[in-house]
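Reading through the structure tokens given below for one structure.
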Amino acid sequence: MTDATSDATNDAMSDATRGTMSGAMTARAEMAVRRHPLWVRLAHWVNAGAFAALAVSGVAILLALPRLFWGETGANDAPAWIVLPLPVNLEQTGWGRNLHFLAAWIFVLNGALYLLIALASGHLLRRLTPDRDQLHPRHIAADLRAHLRLTGSGAAGARRYNVLQKLAYLAVILVLAPVMLLSGLTMAPGVTAAYPELFTLFGGRQSARTIHFLSAVLLVGFLLIHVWQVLANGPLDLMRGMITGRSARTSADRATSGEDPR
Amino acid sequence: MSKITRRRLVLGSSTLGLGGALGGLLGGCELIENGPRRPGLYGLSDTLTLATQRFLLRDQPLVREFGPEAISAVFPTINTTDPDDPAYRRSKAAGFSDWRLPVSGLVERPTAFTLAELRAMPARTQITLHACEQGWSAIGGWTGVPLSHVLASVGLKPEARFIVIRTVDGWWDTYDLFDALHPQTILAYGMNGRDLPVAHGAPVRLRVERQLGYKSLKYLASIEATDRVDGLGQGRGSMVSELGFSWYAGI
């Protein structure tokens, strides 16, 4: 009871603070605001390129056997868990695998460097971890409703990311990306010769392949929502922010909620 | 065998240099000294993968082996499933009694082994997971003689670095000693407790368990030891490399 009251007071107070802040920001509407440090922008675009290459080449590889299995084994004539409604292409020339592993190296090295800097600089804790007030059920519910309006989840004047956004980023960085990497490595006979524990972790080579696919679907789902959120919240300014590091957006109507939709 | 073991260690450690990988972008990456070359970014990525895996595999671990109950009911057969080469057909009709496997090149005593001679050598049976680049996998039991034993019996010369294997249906591939001398690299003449079926490469196929299926050649025709493979064909190290696939298939 007391907690709820105090949380409500906090919410009210922070809203009031934001109102004042946005008023101040409106006054200097023409000034550019700093958005993203250079290392975040570099990591973002390198990752975007690598992810696109991984997705396209991943589909090319999948088309040799668009069937998914659990356990160690699976083949065209073996019973499948799911038969994907995709055309089969057995005339593989190797480009899918070549591009996939080149892009995977870029994805892994770039991702490792990003994670290292994000941890060391406090970026992960300060910018990506939800603040206490953001974790209140009422706050989360409000944020969910804002997202469900489809036309824009809130405003971009934004001194911080919104809570669903933070949770999505953390899920991608700390869960989905490592699962993609490890399930991919479980399909590599050279790696599992050294670390057979990977088979135990995923429940077999075909299970790892299935999990690799399902995680990829979730990542593509994340990408679609990510792009939609950019498009729905002033794409030109947000793109400018992720390319140049600065954006102009400080107008009052965009700044009211204090949340950043990117 | 002690010479071989020492050379194996040297080879294993010589592939760890990443400097060569970065410097190789212009002229094409040389994955291993005097080994296959691959130009461009894919060469760089292949070299990174090979160097990393050689580091992970530096203690030469064995791949998992299963019990007989794990053997797959379905083991796909792909590519050639019955060579139409006339000599092969004659040999097959004769139960491969006239079949010979010449082992030549940098060896002290070049020898052509009969199937019976290979069967008389110390045998190894391993039930392992076969992973194809297409995505399928199946568990099969393989019985054969370790390649390292065959090479030791003909006296591999100290300057030998690679093993070139050619097949009846025109495939060829190369292996450095790190993989060729691995205990689970065998010349298999038996599958799942019976003679190796024609569809799976009779009379003898190769098993290279730490790489994808396409390195485990079927229908072996000859084995040759050499000190370099960059002069073979287009210098890519194997037939499938010339089609666009990686020479090293540990991923």
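Just so you know, the sequences run in chain order A and B. Note that the first sequence covers residues 1 to 262 in the working numbering. Note that the second sequence covers residues 1001 to 1251 in the working numbering. C-beta atoms are modelled at their ideal positions from N, C-alpha and C, and glycine is treated no differently.
Should Thr1049 of chain B go down as buried or exposed, given a rule of 16 or more other Cβ atoms within 10 Å for buried?
Thr1049 of chain B comes out buried.
Since I believe Ile1139 of chain B is in contact with Thr1128 of chain B (beta carbons under 8 angstroms), could you give me their beta-carbon distance rounded to a whole number of angstroms?
7 angstroms
Looking at the strands, I want to know which residues DSSP matches up with Gly1140 of chain B.
B:Thr1128
Could you check whether the Cβ of Gln1234 of chain B sits closer than 7 angstroms to any Cβ belonging to chain A?
no
If I measure Cβ to Cβ from Asn110 of chain A and keep anything under 7 angstroms in the same chain, skipping five residues before and after, which residues do I get?
Ala43, Val46, Asn47 and Ala50
For Glu1030 of chain B, which of helix, strand or coil comes out of DSSP?
Strand, per DSSP.
Return the CA-CA distance between Leu1147 of chain B and Pro87 of chain A, expressed in angstroms with no decimal places.
40 angstroms
Based on the DSSP secondary-structure assignment, which residues constitute the bridge partners of Val1164 of chain B?
B:Thr1174 and B:Glu1224
Between Phe1245 of chain B and chain A, is there a C-beta pair that is closer than 7 angstroms?
True, the Cβ-Cβ gap to chain A drops below 7 angstroms.
Which residues in the same chain have their Cβ closer than 8 angstroms to the Cβ of Trp95 of chain A, if we skip the five residues on either side of it in sequence?
Here the set comprises Ser57 and Ala60.
Along chain B, which residues have their Cβ under 7 angstroms away from the Cβ of Thr93 of chain A?
Leu1243 and Gly1244
One question on the structure: do Phe199 of chain A and Ser1045 of chain B come within less than 7 angstroms of each other, judged by their Cβ atoms?
no
At a cut of 8 angstroms, does the region 191-210 of chain A reach the region 165-174 of chain A through at least three beta carbon pairs?
Counting C-beta pairs closer than 8 angstroms gives fewer than three between the region 191-210 of chain A and the region 165-174 of chain A, which falls short of the contact rule.
Check each candidate in A:His147, A:Leu148 and A:Asn162 and name the one with the smallest Cα separation from Asp133 of chain A.
A:Asn162
Using a cut-off of 7 angstroms between C-beta atoms, extract the partners of Val1074 of chain B located in chain A.
Ala75, Asp77 and Ala78
According to DSSP, which residues form a beta bridge with Leu68 of chain A?
Leu68 of chain A has A:Ile82 as its beta-bridge partners, per DSSP.
What residue from B:Gly1213, B:Gln1211, B:Trp1247 and B:Val1198 has the CA that sits closest to Ser1091 of chain B's CA?
B:Val1198
Inspect the beta-carbon positions of Arg1207 of chain B and Ser1216 of chain B and report whether they are closer than 7 angstroms.
yes
Measuring only between beta-carbons, confirm whether Val1208 of chain B sits less than 7 angstroms from chain A.
Chain A, which has no Cβ nearer than 7 angstroms to the Cβ of Val1208 of chain B, makes this no.
Take Ala64 of chain A as the anchor and find which of A:Val191, A:Val230 and A:Glu91 has the nearest alpha-carbon.
A:Glu91
DSSP on Val1063 of chain B, reduced to helix/strand/coil?
DSSP places Val1063 of chain B in coil when its eight states are reduced to three.
Under 8 angstroms Cβ to Cβ from Asn264 of chain A, same chain only, skipping five residues before and after it: list those, please.
Outside the displayed range of chain A (1 to 262) lies residue 264 of chain A, so it cannot be described from this structure.
Nearest-angstrom Cα separation, counted from Thr1174 of chain B out to Gly1231 of chain B:
12 angstroms
Compute the Euclidean distance between the alpha carbons of Tyr1248 of chain B and Val1145 of chain B, then round it to the nearest angstrom.
23 angstroms
Interfacial residues, the region 1117-1138 of chain B to chain A, with Cβ spacing under 7 angstroms:
Leu1129, Ala1131, Glu1133, Gln1134, Gly1135, Trp1136, Ser1137 and Ala1138
Cβ distance (whole Å) where Gly190 of chain A is taken to contact Gly1250 of chain B below 8 angstroms
2 angstroms
Are the beta-carbon atoms of Phe1162 of chain B and Asp1179 of chain B separated by less than 7 angstroms?
no
N- and C-terminal bounds of the alpha helix (DSSP H) containing Gly1105 of chain B
Run containing Gly1105 of chain B: none in the alpha helix (DSSP H); it sits in the beta strand (DSSP E), Arg1100 to Gly1105.
Chain-order list of residues whose beta-carbon lies under 7 angstroms from that of Ser183 of chain A (same chain, five-residue window excluded):
Phe202, Ala208, Ile211, His212 and Ser215
Leaving aside the five residues before and after Leu62 of chain A along the sequence, list all residues of the same chain whose C-beta is less than 8 angstroms from its C-beta, in chain order.
Leu84, Leu86 and Phe213
First through last residue of the alpha helix (DSSP H) which encompasses Gly122 of chain A:
Here Gly122 of chain A belongs to no alpha helix (DSSP H), and DSSP marks it neither H nor E.
Taking the C-alpha atoms as reference points, what is the distance between Arg1236 of chain B and Arg1038 of chain B?
6 angstroms
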